Amino acid sequence: MARGSSGESVLTRAVRILEVFTPEEPSLPVSEIARRASLHVATASRLVAELTGHGLLARQPDGRVRIGVRLWELAFRASPALSLREAAMPYLEDLHAIVGHHVQLAVLDGEQVLFLERLSSPGAVVNYTRIAGRLPLHVSSSGVVLLAHADRALQERVLARPLVRYTDATITSPDRLRALLADVRHRGSVQLDGAVHEEATGIAVPVRDAGGDVVAALSAIVPNDGQAHTRIPVLLAAARGVHRALGAPPPPWSLIG
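In full-length UniProt numbering, the protein residues as written are 1 to 257.
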């Protein structure tokens, strides 16, 4: 593969360009892409032109650049995360009809939680997450559920690093977080009051695949009014529905009659 004078491959530089886009800033001028990707403007401009030619990026009428439809098409063809989203959507929609506010589907990606889907209601409580957005694992209810069921090595890496504080209620003590992870595994759910925003409570439950492994988290963001715990049974029922949609056999009692 061709390499530039820095010894870095063209593919590596192209990936850096694709990674500069965020849910908050889905389109950027080439000069800003170059700055964020740590590339010369001429190099960034050439790579943007090539990626645009392949449909992986697209230019807007104002000259700004965004992710192209072709990239989404390729992702939809092969991504197991999108297959998970497809299986979960009917249950996510039912959950949203009951709970209101925000309901979300998230997966573990590296050392962060990645949100695949979010359904929201007009006038819902504040929520910082977005589709394709990320948060540190210790901050959100979805992240805590996923971390609780992650491998021990990942848990220890997270616990060994400084835990970023979002609010006064964010857990920043490794000992408290370790105890919370054990409690999540025991209870099968988590509730975090005001951990990301003082006015909101996050509740989350694990989603398991046909083999019983935790592959996602189902969560709701509701007002921090002391009533969040009443929605947990509905989340658990929805998670069981997704579990069955992913190929799990129905419970024995559902076959009676």
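Using N, Cα and C, we set each Cβ at its ideal position, and we do this for glycine too. Because the structure is a prediction, the values reported are computed rather than measured.
query: State the beta-bridge partners of P223 as determined by DSSP.; result: A200
query: Which term fits Y91, buried or exposed, when burial requires 16 or more other beta carbons within 10 angstroms of its beta carbon?; result: buried
query: List, from N- to C-terminal side, the beta strand (DSSP E) runs of 3 residues or more that fit wholly inside the region 153–212.; result: 190–193, 200–208
query: Measure the C-alpha to C-alpha separation of L47 and A14 and round it to an integer number of angstroms.; result: 7 Å
query: Have a look at the DSSP bridge pairing and note the partners of Q60.; result: Q60 pairs with nothing; no bridge assigned.
query: Going by the beta-carbon positions, is the gap between V222 and V99 smaller than 8 Å?; result: yes
query: Residues in its own chain within less than 8 Å of D109 by CB, not counting five upstream and five downstream?; result: R134
query: Between the alpha carbons of A160 and T172, how many angstroms are there, rounded?; result: 11 Å
query: Does the pairing of the region 138–147 with the region 176–190 give three or more beta-carbon distances under 8 Å?; result: yes
query: Looking at C-beta atoms only, is the number of pairs between the region 104–119 and the region 64–74 that lie closer than 8 Å three or more?; result: no
query: Could you work out which residue in L181, D168, T167 is closest to V158 when comparing CA atoms only?; result: L181
query: Residues in the same chain with beta-carbon distance under 7 Å from H40, minus the five sequence neighbours each way, listed in chain order, please.; result: A34
query: Mind checking S189: buried by the 16 CB within 10 Å criterion, or exposed?; result: buried
query: Where do the N-terminal and C-terminal ends of the beta strand (DSSP E) with E117 fall, by residue?; result: 112–120
query: Give the range of the alpha helix (DSSP H) segment to which D109 is assigned.; result: Looking at the DSSP string, D109 is not in any alpha helix (DSSP H); the run it does join, the beta strand (DSSP E), is 102–109.
query: Identify the residues that DSSP records as bridge partners of R66: which are they?; result: S27, A58
query: Quick one: using the 10 Å Cβ neighbour count with 16 as the cut-off for buried, is P61 buried or exposed?; result: exposed
query: Any idea what DSSP makes of residue 258, helix, strand or coil?; result: Here the chain comprises residues numbered 1 to 257, so residue 258 is not present and cannot be evaluated.
query: Comparing C-alpha positions only, which one of G247, R118, V65 sits nearest to P29?; result: V65
query: If contact is defined by three or more beta carbon pairs under 8 Å, each pair taking one atom from either stretch, is the region 116–129 in contact with the region 190–204?; result: yes
query: What residue range is occupied by the uninterrupted alpha helix (DSSP H) comprising P90?; result: 80–99
query: Just to confirm before moving on: does the CB-CB distance between E93 and L119 stay below 8 Å?; result: yes
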